[in-house]
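One structure is given below, encoded as structure tokens.
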Amino acid sequence: MRIAFLGTPDFSVPALDALRAAGHEVVCVYTQPPRPAGRGQAERRSPVHDHAEAAGIPVRCPVSLRDDAAQADFAALDLDVAVVVAYGLILPQPVLDAPEYGCINIHASLLPRWRGAAPIQRAILAGDTESGVTIMQMDAGLDTGPELLREAVPITDETDAGMLHDALAALGGRLIVEALAGLEAGTLVAVAQPDFRETYAAKIARGEEQIDWALPAAQLDRHVRAFAPWPGAWFAHDGARIKVLAAEVVDGSGAPGEVLDDQLTVACGDGALRLVTVQRAGKAPLAAADFLRGRPVAAGTVLG
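Numbered by our numbering, the letters in the sequence shown go through residues 6 to 309 in order.
Shown next as structure tokens:
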């Protein structure tokens, strides 16, 4: 099929690779424009931009698709279908209608659970036992279109956001190839989303990753996993932010934030959390024992 691919972050790349490997003609890639990043604020291109350019695919980076010229350029591609994966721009109706089979979205949840921007993190934070990928025919709403395919993956007590991200990205690549084959053969029928379990996965707010030791240890374990490896759940100590990249729930009690032993076990509002892997800003992640050798934290210290 003749395809335009619309995506921006790392999550989108496996789907682009899968479409090309399946023999589809990706005639153009749309992605977010380069933006200042890092300490030097140099302009950085998106992972999809770099990947597409390396593959010799033309790349477009419009700041909007709402103007007539951008919509005419899109329609002129004469597409069979557009595949959308975490693109980051609203698609107006003329864009949705331009390809023969419309615009097909790969969404990282089992819709209508976790519509919106941060479904991976929200599923872990909420204690969901499964997530998955939904292949959806896009409409004007926010992740409200009818489903074409879906497949679940488990969320275990060890699953962090990085693991779930990678699993769902790979699954999305496989399912979109299946979906396009079904559409082309006329064997795949879109089904309206169920009208229950609807939840909204709000974008992660600045500072939301900070650890609140007054919360139960089980909830903070999910908090750590939801923000690992990036941006990293963190606490304040000795004037610095310390990220927690892995932790485990253990028995223990004390004032919230109180360090209980020499293994970096911290009292929570209910139970305790043993910090397994931590990271200071600008430094490599360390096992808690290695961290403590360089920066001892005495029992009785209260972390911020």
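Idealized CB from N, CA, C, for every residue including glycine.
Just so it is clear, the structure is predicted and the values come from calculations on it, not from any experiment.
Check: Which residue comes first and which comes last in the beta strand (DSSP E) that contains proline 234?
Finding: Run containing proline 234: none; DSSP gives neither H nor E here.
Margin query: Once DSSP output is grouped into helix, strand and coil, what is the label at proline 41?
Written below: strand
Next item on the list: Give me whichever residues DSSP pairs with glutamine 198 in a beta bridge.
Entry: BP columns for glutamine 198 are empty, so no partner.
Item checked: Nearest candidate by alpha-carbon position, reference cysteine 311, set Ala197, Trp235, Asp171 and Gly309 -> Because the chain is modelled from 6 through 309, residue 311 falls outside the range shown and cannot be assessed.
Notebook entry, point to check: In terms of DSSP beta bridges, what is glycine 309 paired with?
Noted result: None; glycine 309 has no bridge partner.
Notebook entry, point to check: If you drop the 5 nearest sequence neighbours on each side, which residues of the same chain put their C-beta closer than 8 Å to that of proline 52?
Noted result: Thr13, Pro14, Asp15, Ser17 and Val18, listed in sequence order.
Check: Skipping 5 residues on each side, what residues in its chain have a beta carbon closer than 8 Å to that of proline 221?
Finding: Excluding residues within five positions, the ones whose Cβ falls inside 8 Å are Cys273, Gly274, Asp275 and Gly276.
Checklist line | beta strand (DSSP E) runs contained entirely in the segment 38-118, provided each spans 3 or more residues | finding: Fully enclosed beta strand (DSSP E) runs of 3 or longer: 40-42, 47-49, 86-90 and 108-112.
Next item on the list: Measure the alpha-carbon distance for leucine 291 versus glutamine 126 and round it to whole angstroms.
Entry: Note on geometry: alpha-carbon atoms of leucine 291 and glutamine 126 lie some 23 Å from one another.
Checklist line | Residues bridged to leucine 154 [DSSP beta-bridge criterion] | finding: Ile140
Checklist line | Beta-carbon proximity of arginine 25 to alanine 60, cut-off 8 Å | finding: Less than 8 Å divides the Cβ of arginine 25 from the Cβ of alanine 60.
Next item on the list: Have a look at alanine 77 and alanine 87 and give me their C-alpha separation to the nearest angstrom.
Entry: 15 Å
Check: Cα-Cα, which of Thr139, Val68, Val32 and Val64 is closest to arginine 40?
Finding: Val68
Notebook entry, point to check: Rounded to the nearest angstrom, how far is the Cβ of valine 229 from that of glutamate 263, given a contact under 8 Å?
Noted result: Going by Cβ atoms, the distance from valine 229 to glutamate 263 rounds to 18 Å, so no, they are not a contact pair.
Checklist line | Residue environment, leucine 147, which counts as buried when at least 16 other CB atoms sit within 10 Å | finding: By the C-beta density criterion, leucine 147 is exposed, having fewer than 16 other C-beta atoms within 10 angstroms.
Note to self: Considering only their Cβ atoms, is the gap separating histidine 112 from threonine 139 smaller than 8 Å?
What the structure shows: yes
Notebook entry, point to check: Cα separation between arginine 202 and arginine 118?
Noted result: The straight-line gap separating the alpha-carbon atoms of arginine 202 and arginine 118 is approximately 6 Å.
Item checked: Buried or exposed (CB count within 10 angstroms, at least 16 for buried), arginine 120 -> buried
Next item on the list: Look at the alpha carbon of asparagine 110 and the alpha carbon of alanine 91, and state the distance between them as a whole number of angstroms.
Entry: Roughly 8 Å separates the two Cα atoms.
Notebook entry, point to check: Roughly how many angstroms separate the alpha carbons of isoleucine 216 and alanine 294, rounded to a whole number?
Noted result: 20 Å
Notebook entry, point to check: Is DSSP giving alanine 175 helix, strand or coil here?
Noted result: Helix.
Next item on the list: Kindly list the residues whose CB is nearer than 7 Å to the CB of arginine 279, restricted to its own chain and excluding five residues on each side of it in sequence; keep chain order.
Entry: Ala252, Glu253, Val255, Gln268, Leu269 and Thr270
Checklist line | Nearest-angstrom Cβ-Cβ length linking leucine 82 and histidine 56, presumed shorter than 8 Å | finding: About 19 Å; that fails the 8 Å criterion.
Next item on the list: May I have the straight-line CA-CA distance separating proline 261 from aspartate 85, to the nearest angstrom?
Entry: Rounded to the nearest angstrom, the two C-alpha atoms are 57 Å apart.
Notebook entry, point to check: Where does valine 196 land, buried or exposed, given buried means 16+ other C-beta within 10 angstroms?
Noted result: Exposure of valine 196 is indicated by the presence of fewer than 16 other C-beta atoms within 10 angstroms of its C-beta.
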